[in-house]
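A.B. asks: Chains as they are written, first to last, in our numbering: chain A, 208 to 571; chain B, 2 to 403. Quick reminder that beta carbons are idealized off the backbone N, C-alpha and C, glycines included. Only a predicted model underlies this, so the values are computations on that prediction, with no experimental measurement involved. Provided herewith is a single structure, encoded as structure tokens, for subsequent inquiry.
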Amino acid sequence: MRATAGLALGAALGSSSPFVRSEAARKKRKTIVVTFGGGARDQETFAPEGQENIPHLIGELAPQSSFFTHVTNHGILGHYVATASLTTGVYETLNNFSAVPPEHPTVFEYFRKDLKRPASDTWVVAPSNGFNRIGESDSRSFGPGMGAAVILPKHLLSATAHGPTTDLEHLLRDNYETPLYTPELGGSEFEVQQLESILRLSVEDFMAHARTLSSPDELSVYIAKRLMQQEAPSLLWITMHDIDIAHSGAYSLYIEGIRRTDRLCAELWKAVQTEPEYVGNTTMFILPDFGRDSDYEPGGNGFQHHRTGDAASRTTWMMALGAGVRQGVVFDEPMQSVDLVPTLGAMLGFSPGEAQGKPIKEFL
Amino acid sequence: MQPHDLQPEQFSSYPPEARRLVVSHLETFRELPLVFIPGLLREIIDYDFKFPAERTAIESELALLSALTRPQRELRFRAFEQLTISPKLEQFDWINQPAQFTEQLSAHLWTTHQLDAFRAAATEYGSRLQSEMPLQPLAVRRLGIAVIGQGVMSYDNQLFKNLRAHGTSFNQIKPERGLDLLLEGVASRSQAYPVPYGHWYVDGGVESSHSPRLTCVSYKSLEPLRASLLRNVSAEIQKPGMGPEELRTHLARITPSDLGMSPSGDAVLDRFQLKILTEGSGTQIFSTTFAQWTAREVLRRAQPLSLLVRFAPRQRQRPMNELLSNTKGESEVDLIGSLIDADMASYYHWINQQRLSGYGQSAFLAWFEGHGEAIVVAPTLPRGTTSSSALDLGQLLSLAIS
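Here you go:
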């Protein structure tokens, strides 16, 4: 992992802040967070034996990035609760399988309140199993409607696909964490309105494009790119989920998910380089929400789950690239996944008062 | 309910042998921490349907616990005693529903950030127990065989990558009659060392002709049970209030008769097969997962002397709803994906075998079915090397266990 090609040690760098701090620059700054999920181990990603699965991250993005080799998640290792923890900077304890909001304020609420940003400036694109409440906490410090709008691409597809959806069902795969439990996807009028009024897509065009895609995460990235074009949010959060097919126990599908996510991350970065609102002023963070169980942990079954709480399931990595980020640097110093929100606060100028983590000093 | 209040009549719903076992050790149970007991009861409640190796392990554990003096017991369980559980869990019917209790305990430990402490306590307890368990010498060195890649005509990438450092790779194996030779080899062992549930053949597809001395489980033979289970699950998830956790609880309670399973005359094996489908994730839909998980459970539970696992092509990935409803059958298969699944599964087979007693002497053979590639991990063969010896599978097996 530490042998990532073309990277130098961070300790060799100077200590001056890489970020431009002027108010005008801050207003133009864009931040994209991509969770490389759900749950990928080092040995299938950045460890030497896994690098063949992530050619885009290794070959294209890593040389431009600051790379953090040791990110630990000390919280509950379920995808919704872990992603919620990433957004709040607090190890949330909500029921992973319930559609409940995070208990603590989210990064979106801090961002909007402190920086007085409109709702259209923060968006979440997420898989559908429970993530519809991730944009906004039930904290009393923030009123209703102060969070991010959430787009659930699968709901959108489900809502727009009147009649048989045989050729789209591969995009509606859901809930890998408990494969036997597959709740019905519901769509609503609101979601159809999102399609037309926000994404400015006709149902016909959306459906036609959906038919060219091969996975739910491809649909998410398509929606995210459309949001970038139409709304240009300053804070965009994209949760990938294809990798979690690992719960079915098929190693080849897990690897296929990692390779697809690798490609989609590069595609997003390419979109950043081509969208006028984003080019040159965007910082992108890519990190798995956590790892998966070790092959050698007797209580688990290797890559299949993330239930044991062993080191392999708790430890992962993070890549940061773009505006203000030192390129080609590797940091081995341990950080926690709850450090992301305080780091974003320090970068963007808001105060995440209830977050437990601390800003990553390399970004200060 | 606290452990010190335990009474014999509270175990009246346990199967007879399990009840006898608990009642005869009730004094010991009364001294153990609540956070620990349901995990043990979860095993004991199924005692009547356990394999001989599991029964021996449970009896040995209880004997060891009963032999501890009070100060020794307090010292051994100190880390468990320091964990806190909720009043709701204390009031739970952990005597009759120990598996459900442990599910809820797990959620509680995660939520209260005590999971790492529990994990450390359990690991320490398990290591200590293992070191104190009386070791019975094996009648013969353990043997694992994985046959992967059925139906694949050619594959350009390297196989057995994870195993290569541990054994000798072979690239000129004669594949003719390979599976038959391996099955004959396992059958010979079962004849020479007749141990109940000591020699297994697991097939991810249709089982090949084999000796009746082998305990056999196959994906194809369980097709009616899988279909019945998926129908049961489909009906359950339509019920109001049903969620993933409720579904797991439901699955834990299912019995063979609930699914119309015809008794085979071997209640232990029937229960084992049911648990493969109700406890394994993905075993109901992907044959490669079924074979891998079954191998893991055979090794963990039955601790066999011989285990041959043959992987078969699994169906292509489809939307989960479609896989579960199985409306379109399983006609389209993913040959290369199945080979990759099985390659990793063969590595897990070896790892799980190495967790058992006698691991230093055990042998493992993996073969790319129909092709010349194989690997053998055995104490008598060098590691990390490649051999071009032109052997058939019978000769290779002899080499592995010689």
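What does the alpha-carbon distance come out to for the pair R1 of chain B and S170 of chain B?
C.D. replies: Outside the modelled stretch of chain B, which goes from 2 to 403, sits residue 1 of chain B, for which no answer is possible.
A.B. asks: Can you check DSSP and say which residues form a bridge with D6 of chain B?
C.D. replies: In DSSP, D6 of chain B forms no bridge with anything.
A.B. asks: I need the straight-line Cα distance from D546 of chain A to P483 of chain A, nearest angstrom please.
C.D. replies: Looking at the two C-alpha atoms, the distance is approximately 30 Å.
A.B. asks: Counting along the chain, where does the alpha helix (DSSP H) carrying A431 of chain A start and finish?
C.D. replies: A431 of chain A -> alpha helix (DSSP H) spans 423-437.
A.B. asks: Any Cβ of chain B within less than 9 Å of the Cβ of D412 of chain A?
C.D. replies: D412 of chain A does not count as touching chain B.
A.B. asks: With distances taken between CB atoms, is the gap from L340 of chain B to G150 of chain B smaller than 9 Å?
C.D. replies: In contact: L340 of chain B and G150 of chain B (Cβ atoms closer than 9 Å).
A.B. asks: Quick one, are the C-beta atoms of E316 of chain A and F349 of chain A less than 9 Å apart?
C.D. replies: In this structure, F349 of chain A lies closer than 9 Å to E316 of chain A by Cβ.
A.B. asks: With distances taken between CB atoms, is the gap from M526 of chain A to F492 of chain A smaller than 9 Å?
C.D. replies: Closer than 9 Å, so yes.
A.B. asks: Tell me the rounded alpha-carbon separation between V241 of chain A and R190 of chain B.
C.D. replies: C-alpha separation (whole angstroms): 54 Å.
A.B. asks: For the putative contact between A530 of chain A and T490 of chain A, defined by C-beta atoms under 8 Å, what is the C-beta separation to the nearest angstrom?
C.D. replies: Indeed, because the Cβ distance is near 5 Å, the residues count as touching under 8 Å.
A.B. asks: At a CB-CB cut-off below 7 Å, which residues of chain A make contact with F312 of chain B?
C.D. replies: Under the 7 Å cutoff, chain A gives no residues; its nearest Cβ is about 12 Å from F312 of chain B.
A.B. asks: What's the C-alpha gap between F37 of chain B and F81 of chain B?
C.D. replies: Those two C-alpha atoms are separated by around 7 Å.
A.B. asks: So, at 7 Å on beta carbons, what are the nonlocal neighbours of V218 of chain B in its own chain, with the 5 sequence-adjacent residues on each side left out?
C.D. replies: So the list reads V203, Q274, T295, once near-sequence residues are dropped.
A.B. asks: By Cβ distance below 7 Å, which residues in the same chain neighbour P176 of chain B in space, the five residues on each side in sequence not counted?
C.D. replies: G371, H372, G373.
A.B. asks: Quick one: is G395 of chain B near chain A, going by C-beta distance under 9 Å?
C.D. replies: For G395 of chain B, the answer is no, since every Cβ of chain A falls outside 9 Å of its Cβ.
A.B. asks: To be precise: take each residue of the segment 116-139 of chain B, compare its Cβ to all Cβ atoms of chain C, and keep it if any distance is under 7 Å. Which residues remain?
C.D. replies: The structure shown has no chain C; the protein chains it does contain are A and B.
A.B. asks: Use the C-beta contact count for P17 of chain B: other C-beta atoms within 10 angstroms, 16 or more gives buried, fewer gives exposed.
C.D. replies: P17 of chain B is exposed by the Cβ-count criterion.
A.B. asks: Check whether the segment 335-349 of chain A touches the segment 304-321 of chain A, taking contact to mean three or more Cβ pairs, one atom from each stretch, closer than 8 Å.
C.D. replies: Yes: at least three Cβ pairs fall under 8 Å.
A.B. asks: Kindly list, in the order they appear in chain A, the residues whose Cβ is closer than 8 Å to that of G283 of chain B.
C.D. replies: Result: P386, H454, S455, G456, A457, Q511.
A.B. asks: Could you check how far apart the C-beta atoms of G257 of chain A and E251 of chain A are, in whole angstroms? I think they sit under 8 Å.
C.D. replies: Their Cβ separation, rounded to whole angstroms, is 4 Å, which keeps G257 of chain A and E251 of chain A in contact under 8 Å.
A.B. asks: Are there three or more Cβ pairs, one per stretch, closer than 8 Å when the segment 279-292 of chain B is compared with the segment 341-352 of chain B?
C.D. replies: Contact holds: three or more Cβ-Cβ distances are below 8 Å.
A.B. asks: With a CB to CB cut of under 6 Å and the five nearest residues on each side skipped, what residues in its chain are close to G385 of chain B?
C.D. replies: So the list reads A166, once near-sequence residues are dropped.
A.B. asks: What's the C-alpha gap between M262 of chain B and L248 of chain B?
C.D. replies: Straight-line Cα distance between these residues: approximately 20 Å.
A.B. asks: Following the continuous beta strand (DSSP E) through L309 of chain B, name the residue where it begins and the one where it ends.
C.D. replies: Residues 307-311.
A.B. asks: Quick test of the definition: if touching needs 3 or more C-beta pairs under 8 Å, does the segment 51-66 of chain B touch the segment 100-111 of chain B?
C.D. replies: Taking 8 Å as the limit for Cβ pairs, the verdict is that the segment 100-111 of chain B does not touch the segment 51-66 of chain B.
A.B. asks: Along the chain, where does the alpha helix (DSSP H) containing G186 of chain B start, and where does it finish?
C.D. replies: Unbroken alpha helix (DSSP H) run through G186 of chain B: 179-193.
A.B. asks: Along chain A, which residues have their Cβ under 8 Å away from the Cβ of Y349 of chain B?
C.D. replies: The answer, in chain order, is D502, N508, G509.
A.B. asks: Between which two residues does the alpha helix (DSSP H) harbouring D344 of chain B extend?
C.D. replies: Residues 336-355.
A.B. asks: Classify A171 of chain A as helix, strand or coil using the three-state DSSP reduction.
C.D. replies: The question about residue 171 of chain A has no answer, for chain A in this structure spans 208 to 571.
A.B. asks: Tell me the residue span of the beta strand (DSSP E) that contains T216 of chain B.
C.D. replies: T216 of chain B -> beta strand (DSSP E) spans 216-219.
A.B. asks: What are the residues of the segment 223-248 of chain B that lie near chain A, defined by any Cβ-Cβ distance shorter than 7 Å?
C.D. replies: Per Cβ criterion, the list reads V234, I238, G244, P245, E246, L248.
A.B. asks: Quick test of your reading: I243 of chain A and M554 of chain A, contact by CB under 8 Å. State the CB separation rounded to the nearest angstrom.
C.D. replies: The question names Ile, but residue 243 of chain A in the sequence shown is Phe. Incorrect: roughly 20 Å between the Cβ atoms, too far for contact.
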